[in-house]
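So the protein sequences, as listed, match chains A and B.
Per our numbering: the first sequence = residues 207 to 451.
Per our numbering: the second sequence = residues 7 to 334.
Here a beta-carbon is modelled for each residue, glycine too, at the ideal position from N, C-alpha and C.
Here the structure is a predicted model, which means the values were calculated and not measured.
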Amino acid sequence: MRILEGQSVTKFFGGLAAVSNVDFHIDQGEIVGLIGPNGAGKTTLFNLVSTAFPVSSGEIRFKGQKLNGLKPHRVCKIGIGRTFQETKIFGNMPVIQNVLVGAFFGTPTRVSGAGAAREASQALEFVGLSAMAGDSIQDLTLVNQKRVEVARALATGPELLLLDELMAGLNPAEVSEAMELVTKIRDKGITIFMVEHVMKAIMGICERIMVLHHGEKIAEGTPQEITANKEVIEIYLGEETHAGS
Amino acid sequence: MDITRLFTTHRKLLVVGFVLFILIFLATFPLYGNAYYIRLLTTILMYTVLAVSWAMFSGTTGYMSLATAAFFGVGVMAMAFLQKTLPFPVVIVIGGLLSSALAFLIGLVTLRLRGIYFAIFTFGFVMFIGQTAYYIDSHILGNVWGHQIILMDPGMLHYMMLGLAVVTLLTIYFIRRSRYGLALLSIGGNEEAAEHMGINTTMTKVILFTISSFFMGAAGALMAPAIVYVESRIAFNVFNSFMPILMAIFGGMGQFYGPVIGAAVFGYLDRTLRVELSEYFMLVFGIILVMVILFLPNGITGLIQSLQNTRPIAKLLHRGKEEQHANT
Chain A
207 MRILEGQSVT KFFGGLAAVS NVDFHIDQGE IVGLIGPNGA GKTTLFNLVS
257 TAFPVSSGEI RFKGQKLNGL KPHRVCKIGI GRTFQETKIF GNMPVIQNVL
307 VGAFFGTPTR VSGAGAAREA SQALEFVGLS AMAGDSIQDL TLVNQKRVEV
357 ARALATGPEL LLLDELMAGL NPAEVSEAME LVTKIRDKGI TIFMVEHVMK
407 AIMGICERIM VLHHGEKIAE GTPQEITANK EVIEIYLGEE THAGS
Chain B
7 MDITRLFTTH RKLLVVGFVL FILIFLATFP LYGNAYYIRL LTTILMYTVL
57 AVSWAMFSGT TGYMSLATAA FFGVGVMAMA FLQKTLPFPV VIVIGGLLSS
107 ALAFLIGLVT LRLRGIYFAI FTFGFVMFIG QTAYYIDSHI LGNVWGHQII
157 LMDPGMLHYM MLGLAVVTLL TIYFIRRSRY GLALLSIGGN EEAAEHMGIN
207 TTMTKVILFT ISSFFMGAAG ALMAPAIVYV ESRIAFNVFN SFMPILMAIF
257 GGMGQFYGPV IGAAVFGYLD RTLRVELSEY FMLVFGIILV MVILFLPNGI
307 TGLIQSLQNT RPIAKLLHRG KEEQHANT
């Protein structure tokens, strides 16, 4: 079943097409990767799905429901959770309260205080940070702040989770842990759409990969197909010749 | 372990006892205090209402509102115009409701402005409404000499202000502890993330801005009899926008009681320095504010908390907790 579907999605910033005529879909239970060089429009596409920006044209549907015109807080409530490329934590709260915000406000129905607290501590435990629940979030390392963001998004009870460069800035051991975490989330039944630059991670856990370049989708397929795709290789490896010519 | 338990229960009792003591003191003071000090306490209570309401919205979200004087002034003018036609308590509620209605409209239009733009807009709004009220009052309605407010017994006024302060503090205490308090705090932490976590940030901001301005308007209406002679330029004095901010910063906005401490200290200084230094009292305020920002960025409550953490009893408490952890 298609959980997310985009038809000729286009976004202009002034005269620049950041995302141009992109068709895509994500099936329930998949882990789909989104790659592309810097400035390809990956984060913009995420921002369109979470309706941080309105689309210029085209439409995006989540479980058949049109997202055009919805506010981000509605999109969260209907089941799309997200993290951010540059962590956007609530620096004025302890760790557990960051997660509690997601548990309180992100669910489609109103939850009780006790219910939200339970949900929040479960989400924190899931990402392995229970021991730091009471700490100030600003004292955490980047890796752990990113984990808190994941927990916060999970606490909203998403069916689809958008992970924006979860692994950027992590060392190899941390990347492996993060990959494990992503797989664990999928095993809970949550569909994952992730932007990533760390190829090891993308190739290791994604079932399908989409490649964006200059806002256009230039390739799509299994990791094997993508690594064999000439156009993709050219973009990733041929940039130097472009720069030279 | 027993010591720590004793200490925590003890502490709650201490706080409750202290609050009760203050309340009893405030409630009985008009029976034996002289008129000057009764007025001083009334003023402090008024500033408490303003500072706590301001801190509830602006302190937590980071949206610096300078519109306090506008809401306060609306309350004052409501009393000036309605005092002869409606009972006093009704006018207080009307003053609050008018301020709320105004705040709702301003909020809808301006709460999407971030940072300094919101502050400047609200400041401009005070100027605008003050001038407009002056023009309408003196040029159109012909009240060139302003309005005389019916005098009120200072004791009675004090009790009503005490009532308003208690209602304000209770309401805001519960808001801070509620889901709306958490929503406000997360907007202050990162508004974009808050919106993506399911919070309707625009509505949350507008509603809580509206609630906070109700208390400001009610305080204005109640304070009108103490001002005695009301004129729009007095009612919309921009000083009333800055005082609550000064108090909240001085007291510290991290804790609920911070602005209350600030209001008590600056309310006292306001009255006494005005009398003793008249011309220079703003200068003294300025110096105190600079000192606080430089040396006590988290205000008095921040200082209290850091002292608590270094005190032996805090160490004892901490050790007790560690032991508990080790035992489990």
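Quiz item: So what does DSSP say about residue 265 of chain A, is it helix, strand or coil?
Solution: strand
Quiz prompt | residue 70 of chain B at chain A interface by Cβ criterion, 8 Å | solution = no
Exercise. Report yes or no: is there a C-beta of chain A within less than 8 Å of the C-beta of residue 205 of chain B?
Key: yes
Exercise. State yes or no: is the beta carbon of residue 306 of chain A nearer than 8 Å to at least one beta carbon in chain B?
Key: yes
Quiz item: Which residues in the same chain have their Cβ closer than 8 Å to the Cβ of residue 81 of chain B, if we skip the five residues on either side of it in sequence?
Solution: 98, 101, 102, 104, 105, 222, 223, 224, 225, 226, 227, 228, 229 and 230
Quiz prompt | Distance, residue 238 of chain B Cα to residue 83 of chain B Cα | solution = 7 Å
Exercise. Can you tell me which of the three DSSP states residue 403 of chain A falls into?
Key: It is coil, neither helix nor strand.
Quiz item: Touch check for the stretch 190-208 of chain B and the stretch 298-313 of chain A: three-plus C-beta pairs under 8 Å?
Solution: Taking a cut-off of 8 Å for Cβ pairs, the stretch 190-208 of chain B and the stretch 298-313 of chain A touch, as three or more such pairs fall below it.
Quiz prompt | Distance between residue 303 of chain A and residue 452 of chain A (C-alpha atoms, nearest Å) | solution = Beyond the ends of chain A as shown, which are 207 and 451, falls residue 452 of chain A; an answer cannot be given.
Quiz item: Along chain B, in chain order, which residues have C-beta atoms closer than 9 Å to that of residue 358 of chain A?
Solution: 199 and 203
Quiz prompt | Selection of the stretch 174-192 of chain B by Cβ proximity to chain A, strictly under 7 Å | solution = Under the 7 Å Cβ criterion, the stretch 174-192 of chain B contributes 185, 188, 189, 191 and 192.
Exercise. Tell me where the beta strand (DSSP E) around residue 241 of chain A begins and ends.
Key: 237-241
Exercise. Report buried or exposed for residue 91 of chain B, applying the criterion of at least 16 other Cβ atoms within 10 angstroms of its Cβ.
Key: exposed
Self-check item: Burial state of residue 353 of chain A, where buried means 16 or more other Cβ atoms lie within 10 Å
Solution: It counts as buried.
Quiz item: Which of the residues in the stretch 209-226 of chain A, read from start to end, lie with their CB under 7 Å from any CB of chain B?
Solution: none
Quiz item: Taking the alpha-carbon positions, what's the residue 59 of chain B to residue 170 of chain B distance?
Solution: 12 Å
Quiz item: Name the chain A residues whose beta carbon is nearer than 9 Å to that of residue 243 of chain B?
Solution: Here the premise fails: no neighbours, minimum Cβ distance about 32 Å.
Exercise. Could you name the residues that DSSP lists as bridge partners for residue 269 of chain B?
Key: DSSP, once it has assigned bridges, lists no residue as partnering residue 269 of chain B.
Quiz item: What are the start and end residues of the alpha helix (DSSP H) that includes residue 182 of chain B?
Solution: 160-183
Quiz item: What three-state label does DSSP hand residue 339 of chain A in the structure shown?
Solution: coil
Self-check item: Inter-residue spacing [alpha-carbon to alpha-carbon] between residue 392 of chain A and residue 343 of chain A
Solution: 26 Å
Exercise. With DSSP as the reference, label residue 226 of chain B as helix, strand or coil.
Key: helix
Quiz item: Between the stretch 262-274 of chain B and the stretch 112-130 of chain B, are three or more C-beta pairs nearer than 8 Å?
Solution: no
Self-check item: Per DSSP, cross-strand counterpart(s) of residue 212 of chain A
Solution: A:230 and A:266
Exercise. Enumerate in chain order the residues of its own chain whose CB-to-CB distance from residue 223 of chain A is below 6 Å, with the five nearest sequence positions on each side excluded.
Key: 421
Practice problem: Under the assumption that residue 86 of chain B contacts residue 164 of chain B (Cβ atoms under 8 Å), give the Cβ distance between them as a whole number of angstroms. | Solution: So it is not a contact: roughly 21 Å between Cβ atoms.
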